[in-house]
Each structure stands twice: as structure tokens, then as C-alpha cells.
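Undergrad: Here it is, the structure in full.
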Ligand SMILES: Cc1cc2nc3c(=O)[nH]c(=O)nc-3n(C[C@H](O)[C@H](O)[C@H](O)COP(=O)(O)OP(=O)(O)OC[C@H]3O[C@@H](n4cnc5c(N)ncnc54)[C@H](O)[C@@H]3O)c2cc1C
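Numbering (my numbering), first residue to last: 409 to 710.
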């Protein structure tokens with residue numbers, strides 16, 4: 409099996425998720441090449457060929473040009489699959505490539521099985537297995553779902569250009585509006601999950617965060633319910649954090665949440681279910697009712 413991995417580069421830097429693509433290809437047992445629109449000063453460690461186009465010429469993102477570059481490399485390599493991260497870059501570009509190649513696309517893969525690929529469904533509460541019915545397939549993989557490959561190897565670089573012109577021009581990035589909290593800088597984060605029960609209970613979690621000199625985090629349902637502002641959300645559609653201490657209170661540990669916090673140095677989970685998936689990443693799992701345990705812990709700390 410041959411795969412073409414589409415690396416990511418943003419604001420002059422190679423994105424670390426590129427190593428998750430390499431990890432995915434390793435699990436798939438695929439022989440891989442990579443395409444990157446970036447710079448030769450920011451290449452990943454990789455054992456294989458990197459087709460490199462200059463982001464200064466093609467833009468860090470331009471759907472017309474990036475699609476054309478991918479199609480040119482697909483023509484040369486004839487890969488079985490073309491693999492993107494399921495990011496704003498991947499989810500915009502992958503369907504364009506799949507449509508141009510008239511092949512199937514499988515999006516947001518979280519695992520590889522003997523029969524195909526697992527993707528989330530029912531708001532990520534369940535998974536289904538899907539298999540491509542076309543010889544070639546475009547894939548997007550969920551951030552955090554696959555192991556990060558070791559940073560080893562020196563790529564063989566082939567420069568790429570395209571004669572195609574575009575009606576679009578990459579202009580730049582606009583910083584997001586200032587948030588009331590910057591979780592990325594916090595050493596301690598105490599997160600409220602749906603298990604806290606109701607909005608009126610959130611101050612109990614906030615009190616523990618304050619006692620530890622940390623910030624309040626939240627899972628998505630807590631934000632969607634309007635209990636906590638979105639600026640506190642941790643996960644794929646919130647912030648990615650890596651504090652020294654992360655305390656998850658009543659959080660089940662869905663993959664979209666784990667993707668945002670599993671690099672924390674020390675993870676404590678408080679959950680009444682001893683089999684909650686958060687236990688798989690937690691250094692310490694406290695099996696307890698969050699509304700009994702957290703106030704007692706806060707009182708001790710105070
Ligand atoms: C495209 C997409 C993007 C997403 N992005 C994100 C994201 O950025 N961040 C995110 O968090 N989610 C995200 N999600 C949602 C994610 O799939 C989960 O639904 C969500 O993380 C679940 O939140 P939760 O753990 O708080 O709630 P639940 O899954 O409902 O878990 C609640 C947990 O609390 C425990 N519990 C209940 N009562 C108590 C109690 N009294 N004491 C102790 N424990 C208790 C339960 O045992 C359970 O484990 C996304 C989903 C999709 C499809």
C-alpha cells in the first residue's frame with residue numbers, strides 16, 4: 409500500500425500534527441511520501457521523499473494551487489490513499505481532491521480496523537467502520553487519534569512548482585478576538601464536564617481551580633449548554649493545552665476532548681464511573697461523585 413501524506417505548515421512553521429500523519433501511515437503499514445507547501449528550512453524528520461512547494465509562491469493556503477500540486481504528485485506516485493489531518497486545512501482541501509480524482513473520501517478517522525476505518529458517529533458517542541469502494545481513497549484523520557511518529561530520518565526533497573494560476577490569493581491570518589482566559593499559558597487547569605450536573609455547580613469547580621492558582625476549563629457540552637464561555641473549552645474545537653496539572657471533573661474522555669489535553673504533565677480525573685475512557689489517559693482516577701469530592705478537596709487545600 410502506498411500513501412501520500414499532506415503535511416501542514418502555518419505562519420512560517422511546520423505543524424507538529426505532521427508527525428501524526430507519519431504515525432498513521434506507520435500503523436497502516438503504508439510506504440509513504442509527503443507533500444508539503446512550506447519551506448526548506450522547516451522540514452520534518454522523515455524517511456522518504458518530500459515533494460516541497462514554496463509557501464511564499466503558492467500561499468500557505470490556496471485551494472486551487474494546493475489541490476493542483478497534490479494532483480500532480482498523485483499522477484507521479486499513483487498512491488492508494490491521500491491522507492490529510494482533519495483540520496480546517498484538511499477538511500477544505502480533501503473533498504476538492506477526492507472530487508477531482510472521483511474517488512471516495514473517509515473523514516475524521518479515529519482508528520484502523522481489519523475491515524476498514526473507524527469514524528465517530530452520533531455526536532462521537534459511537535463509532536462505525538467504513539471501507540472504501542474505490543481503488544484510491546482520500547482520508548482525513550482526527551487529531552490526537554494516532555501515535556506521533558518518532559522524529560527520525562532525513563527526507564529526500566523534490567521541489568514542486570505548478571503552472572496553474574488561481575483566482576484566489578492568500579492574504580494572511582487574523583488573530584482571534586482576545587479571550588477572557590488564555591488556557592495555553594495556565595500551569596493548572598480544572599475542567600468542568602457534563603458530570604457537574606448543572607450551571608449552578610460550576611462555581612464549585614471554579615473554587616478548586618482558584619485554590620490551586622489555576623484556570624477553569626470546560627468540555628464542549630458544558631459550553632454548548634451555556635454554563636461556561638467558549639473561551640474555556642478544551643478540545644479539538646476549543647483550545648489545546650498542556651498544563652503541569654489537569655483535573656477533569658465529570659468528563660468522560662471523548663477523543664475530541666483528549667486531543668486537547670492529553671499532553672498535560674499530570675492528569676487527575678474525578679468520575680463516578682470507574683470505566684470512563686478518561687481513565688486511560690489519567691495518572692490518577694478518583695472514583696467519586698464530583699459534587700462530594702471536589703468541595704472536600706478544595707476545603708483541604710484552603
Ligand atoms: C466535531 C466534534 C468536535 C468536538 N469538539 C469537542 C471539544 O473541543 N471539546 C470537548 O470536550 N468535546 C468535543 N466534542 C464532544 C465530544 O465528542 C463529547 O461529546 C464531549 O467531550 C463529552 O463531554 P463530557 O465528557 O463533559 O460529557 P459526557 O460524555 O456526558 O460525560 C460525563 C461524564 O461525567 C461522569 N459523571 C456524571 N455524573 C457524575 C458525578 N456526579 N460525579 C462524577 N462523575 C460524573 C459520567 O460518568 C461521564 O463519564 C466534539 C464532538 C464533535 C462531533
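Glycine included, C-beta positions come from ideal geometry on N, C-alpha and C.
(1) How would you label residue 581, buried or exposed, when you count the other beta carbons within 10 angstroms and need 16 or more for buried?
(2) Using a threshold of 8 Å, state whether the C-beta atoms of residue 625 and residue 598 are closer than that.
(3) Kindly provide the chain-ordered list of residues whose Cβ lies closer than 5 Å to any non-hydrogen atom of ligand 1.
(4) Per DSSP, residue 493 forms a beta bridge with which residues?
(5) Between the C-alpha atoms of residue 527 and residue 708, what's the straight-line distance to the nearest angstrom?
(6) For residue 699, which residues in the same chain have their Cβ closer than 8 Å to its Cβ, ignoring the five residues on either side in sequence?
(7) Name the one or two DSSP bridge partners that residue 440 has.
(8) For a test of the three-state rule: what should DSSP assign to residue 568, helix, strand or coil?
(9) Under 8 Å between the Cβ atoms of residue 415 and residue 429?
(10) Could you check which residue in 540, 645, 673 and 410 has the C-alpha nearest to that of residue 440?
(11) So, at 8 Å on beta carbons, what are the nonlocal neighbours of residue 465 in its own chain, with the 5 sequence-adjacent residues on each side left out?
(12) Please classify residue 609: does DSSP put it in a helix, a strand, or coil?
(13) Consult DSSP for residue 543 and reduce its assignment to one of helix, strand or coil.
(14) Under three-state DSSP, which class holds residue 466?
(15) Looking at the structure shown, is residue 582 part of a helix, part of a strand, or coil, going by DSSP?
(16) Quick one: complete beta strand (DSSP E) runs, 3+ long, within the segment 498-528?
(17) Give me the Cα-Cα distance between residue 434 and residue 588, rounded to the nearest whole angstrom.
(18) Nearest to residue 667 by alpha carbon, out of 649, 673 and 684?
(19) Does the segment 444-461 come close enough to the segment 557-568 that 3 or more CB-CB pairs lie under 8 Å?
(20) When we look at the beta-carbon of residue 449 and count the other beta-carbons within 10 Å, is it buried (16 or more) or exposed?
(21) Please name the residue, chosen from 510, 584, 525 and 702, that lies closest to residue 618 on a Cα-to-Cα basis.
(22) Among residues of its own chain, excluding the 5 on either side of residue 694, which ones have a beta-carbon nearer than 8 Å to its beta-carbon?
(23) Would residue 529 be called buried (16 or more neighbouring beta carbons within 10 Å of its own) or exposed?
(24) Pull up the distance between the alpha-carbon of residue 627 and that of residue 651, whole angstroms please.
(25) My understanding is that residue 542 touches residue 512, with C-beta atoms under 8 Å, so please give their C-beta distance in whole angstroms.
(26) Looking only at C-alpha atoms, which of 535, 424 and 552 sits nearest to residue 643?
(27) Determine the burial state of residue 523: buried for a count of at least 16 other Cβ atoms within 10 Å of its Cβ, exposed for fewer.
(28) Could you tell me if residue 470 is buried or exposed, where buried requires 16 or more neighbouring beta carbons within 10 angstroms of its beta carbon?
TA: To lay it out plainly:
(1) Answer is exposed; the Cβ neighbour count stays below 16.
(2) Their beta carbons are under 8 Å apart, which means residue 625 touches residue 598 by this criterion.
(3) Any residue whose Cβ sits closer than 5 Å to a heavy atom of ligand 1 makes the list: 532, 601, 602, 603, 627, 628, 629, 643, 644, 645, 646, 658, 659, 660, 662, 664, 665, 679, 680, 681, 684, 697 and 698.
(4) Looking at the DSSP output, residue 493 shares a beta bridge with 549.
(5) For the pair residue 527 and residue 708, the Cα-to-Cα distance works out to about 43 Å.
(6) 604, 605, 609 and 612
(7) 411
(8) Strand.
(9) Closer than 8 Å, so yes.
(10) 410
(11) 569
(12) Three-state DSSP puts residue 609 in a helix.
(13) Secondary structure at residue 543: coil, using DSSP grouped into helix, strand and coil.
(14) helix
(15) coil
(16) 512-520
(17) 40 Å
(18) 649
(19) yes
(20) exposed
(21) Closest by alpha carbon: 702.
(22) 676, 677, 678, 679 and 701
(23) Exposed, by the Cβ-count rule.
(24) One C-alpha to the other measures close to 16 Å.
(25) 4 Å
(26) 552
(27) When all chains shown are included, residue 523 counts as exposed.
(28) buried
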